[in-house]
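So the sequence shown is numbered by the working numbering: it starts at 11 and just counts up by one. To start, the structure under review is shown below, and the notes come after it.
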Amino acid sequence: MENEMKQLHKEIAETVNKMIPEEWGKFYFYAQISETGGGTYFFYNTPQNTQSFTYSLKIPFEYHMDQQEFKKCKRKLFELSNQLRNSFENNHQELWYSFTMSVDSNRKLNIHYDYTNWFDTKSSFSDQMMIWKRKYLGEEASEEKDRALIAKYDSEFPNDPI
């Protein structure tokens, strides 16, 4: 299982790298997978602007990339993430609902698995993304309702599982 996981992590990182159209300093990849579907996205920064992150879905528009090729890579990221989750299931490990992979320019890799079933909560996908962006990208909520959502998350999930 360990070798299979390492290979899948490597393929995910290589696919993200292929999708980023410029030199990057660090990227954060997120996958949420369940029996009914899920999704993936990533953010990256550049060595010149380490505090600003570009959202993966903006890449084809901002860099005039081939949208079909980009969608193909995005599907591959989902398929690889699904294979990773299936590896856990096939090896009788506790199933995660999401995972975050960060890779820096030195190719240092960090992985965090989240076992919170977000599909059973009242949190929308955009709520989850806001919480995730605060944790990984250091992005603070600007609106009061968003700050209240984060405070609620902090009280309900004091161990910050995402």
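Quick reminder that beta carbons are idealized off the backbone N, C-alpha and C, glycines included. Only a predicted model underlies this, so the values are computations on that prediction, with no experimental measurement involved.
- Here the C-alpha atom of threonine 25 lies approximately 8 Å from the C-alpha atom of lysine 86.
- By the neighbour-count criterion, in which 16 or more other beta carbons inside 10 Å mark a residue as buried, threonine 50 falls on the buried side.
- For threonine 25, the uninterrupted alpha helix (DSSP H) run begins and ends at 12-29, by DSSP.
- Out of Trp34, Gly35, Glu149 and Phe39, the CA that lies nearest to the CA of histidine 19 is found in Phe39.
- Within the same chain, Asn55 come within 7 Å of serine 62 by CB-CB distance, once the 5 residues on both sides are set aside.
- For alanine 158, the uninterrupted alpha helix (DSSP H) run begins and ends at 154-166, by DSSP.
- Per DSSP, aspartate 114 is one residue of the beta strand (DSSP E) stretching across 108-114.
- About 5 Å separates the beta carbon of arginine 95 from that of isoleucine 43, a gap short enough to meet the 8 Å contact definition.
- Shown here, aspartate 124 sits in a strand according to DSSP, grouped into three states.
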